[in-house]
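Asks: In this text, residue positions in the sequence shown follow the UniProt record's numbering: the first is 1, and each later residue adds one. What follows is a single structure, and I will ask about it in a moment.
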Amino acid sequence: MHGLNKDIIFPLQIFALSNNVLYNFPEQGVVPVLYVIYAQDKADSLEKRLSVRPAHLARLQLLHDEGRC
Numbered sequence: 001m002h003g004l005n006k007d008i009i010f011p012l013q014i015f016a017l018s019n020n021v022l023y024n025f026p027e028q029g030v031v032p033v034l035y036v037i038y039a040q041d042k043a044d045s046l047e048k049r050l051s052v053r054p055a056h057l058a059r060l061q062l063l064h065d066e067g068r069c
């Protein structure tokens, strides 16, 4: 954490419902795709995020089942 806003910055490896989280580069072989996500919530956003989470996960599952992610 840093600063007055208590922003959190951390690297993470994405593990999704998809098999597309690894890429094959000819020079390097198969390597994981790494991301840095920087996010700052609005005040009182937890309730909203939790209320839409089931629909979000259902959409991800549908995309996975269709082979689109």
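For every residue, glycine included, the Cβ atom is placed at its ideal position computed from N, Cα and C. Predicted model only: the values in this text are computed from it and were never measured.
1. Entirely within the UniProt domain "YCII-related" (34 to 68) and at least 3 residues each: give me those beta strand (DSSP E) ranges in chain order.
2. So, at 7 Å on beta carbons, what are the nonlocal neighbours of Gly67 in its own chain, with the 5 sequence-adjacent residues on each side left out?
3. On the criterion of 16 or more Cβ atoms from any shown chain inside 10 Å, does Ala58 qualify as buried, or is it exposed?
Replies: Concretely, from the data shown:
1. The UniProt domain "YCII-related" (34 to 68) contains these whole beta strand (DSSP E) runs: 34 to 39.
2. As a first step, residue 67 must be located in the sequence shown, where it is residue number 67. Once the five neighbours on either side are set aside, Gly67 has no close Cβ partner at all.
3. Mapped onto the sequence shown, residue 58 falls at position 58. With fewer than 16 other Cβ atoms within 10 Å, it is exposed.
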